[in-house]
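Structure first, then comments.
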Amino acid sequence: MKVMNNLLLASMLAVSYEAGSAIIAETAKSGELFLLVQQVSTGTTYYKDLGLTTDKFLAATPGACIEGNLTADANYKSFLSVAASDLIFGVYGTNPSDYLGNDWGFVSTSSSTDSIFNKTAVGVDQTEQAIMGQSVALNGASKYDTTKHDSGLITSAGDKYANFSSPFFGTRINLTLSGDSSVPSTVKPSFYFVSGKAGSATPLGSWNLASGVLQFASTSGKGVTSICGGVPTPTPTPTPTPAPVAPDVGVSVSPSTTKFGKKVTITVSPKDNKKKTTLAFSKDGGAFLPMKTLPAGATRTTYVPAKTKVGKGVIRACAFGSTSNCGTANLTVTK
340 MKVMNNLLLA
350 SMLAVSYEAG
360 SAIIAETAKS
370 GELFLLVQQV
380 STGTTYYKDL
390 GLTTDKFLAA
400 TPGACIEGNL
410 TADANYKSFL
420 SVAASDLIFG
430 VYGTNPSDYL
440 GNDWGFVSTS
450 SSTDSIFNKT
460 AVGVDQTEQA
470 IMGQSVALNG
480 ASKYDTTKHD
490 SGLITSAGDK
500 YANFSSPFFG
510 TRINLTLSGD
520 SSVPSTVKPS
530 FYFVSGKAGS
540 ATPLGSWNLA
550 SGVLQFASTS
560 GKGVTSICGG
570 VPTPTPTPTP
580 TPAPVAPDVG
590 VSVSPSTTKF
600 GKKVTITVSP
610 KDNKKKTTLA
620 FSKDGGAFLP
630 MKTLPAGATR
640 TTYVPAKTKV
650 GKGVIRACAF
660 GSTSNCGTAN
670 LTVTK
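Spelled out as structure tokens, the structure:
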């Protein structure tokens, strides 16, 4: 089976396909995890090297972080405005050698449960080959360079490397599975390590892709990783400024500054001309004290402030019987 792997990889490496990624995939190394996202309506596929090899992801002490923040990636920019229901995605990786204590196999998302995986040694090997083949196809000229965490777009729906739209690496991963490994981005798919030695599929946790950020929630204690550089803080939605409500009684004072003992004119404009208007005065932020009550329909009156009103005052005009939604006007009284 490993000979088959080498032959497949040799043929894949010979393909002239310059995708320019740096996703590791070879029989002598644990492969890096990679993300594939496709816009269903257009067939455009996005791929991303998540920057963490499968053996480190599966280690008892998880290593480093994943390159899960896609918001600043120019290749993903167009996907940010696509409806979640129009996107499908999957996460994959291989562990072809003895990096897990004599265990080998692959990691993959699942649209349902572990029942989609063929757990025989031959079945695991075939699926692992398909994942390796896709990794190699995405490597281009930058094979095995772990210092690069690249991404790219495959824009042709008819391209055999276009992930979910072909049998080369499609919803059935080279026809080796009995179900889909990709899911709509509205779903949080389960993630499994499928072992060729043990003939088992172990649940590891689940992925979530939302608003351009890929995150992993572990249920196994493995793969507990952070997002490299952190998760972007969403731009807060501003609280709408409520539209101003006109007071039940508008009021103005002329002049707005006067000496005590000098007469000023107070003009009011009640919404309801059938209600009386009550006037009150507050000095220097103190309590409002009654001034006078105007008859219904009245719009003007005069006021002579006493010496006790010297200071920064406010005149309040309210509909009779209410002290809410009143109009106010400033009146400064000097000596």
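The opening position of the sequence shown corresponds to residue 340 in this note's numbering, with each subsequent residue numbered one higher.
Note that beta-carbon positions come from the ideal geometry of N, C-alpha and C, so glycine has one too.
With three or more beta-carbon pairs closer than 8 Å as the criterion, would you say the region 545-564 touches the region 468-475? no
Return helix, strand or coil for G462, following the three-state DSSP convention. helix
Tell me which residues share the same chain as N414 and place their Cβ nearer than 7 Å to its Cβ, disregarding the 5 neighbours each side in the sequence. Y385, S490, G491 and L492
Assuming the contact rule is C-beta atoms closer than 8 Å, T558 and P542 should be a hit. Round their C-beta distance to whole Å, please. 6 Å
Could you name the residues of the same chain whose beta carbon sits closer than 8 Å to that of D425, not counting the 5 residues immediately before and after it, in chain order? Q378, V379 and S380
How is K651 classed by DSSP in three states: helix, strand or coil? strand
From the DSSP output, which residues share a beta bridge with G666? A656
According to DSSP, simplified to helix, strand and coil, what is T578? coil
For D388, write down the residues that DSSP places opposite it in a beta bridge. F373
Leaving out five residues before and five after K602 in sequence, what residues of the same chain have Cβ atoms less than 6 Å from its Cβ? T641 and V643
Along the chain, where does the beta strand (DSSP E) that runs through F428 open and close? L426 to N434
Distance CB(T410)-CB(P571) smaller than 7 Å: yes
Chain-order list of residues whose beta-carbon lies under 6 Å from that of F659 (same chain, five-residue window excluded): K614, K615 and T617
What three-state label does DSSP hand G444 in the structure shown? strand
With respect to 6 Å, is the separation between the Cβ of T448 and the closest non-hydrogen atom of the ligand GDP below this value? This structure simply doesn't include the ligand GDP, nor any ligand for that matter.
Since I believe T671 is in contact with T596 (beta carbons under 8 Å), could you give me their beta-carbon distance rounded to a whole number of angstroms? 4 Å
Beta-ladder partner(s) of V619, from DSSP: Note on identity: in this sequence residue 619 is Ala, with Val being the wrong assignment. Its beta-bridge partners are P629 and R655.
Quick check on DSSP: helix, strand or coil for K416? helix
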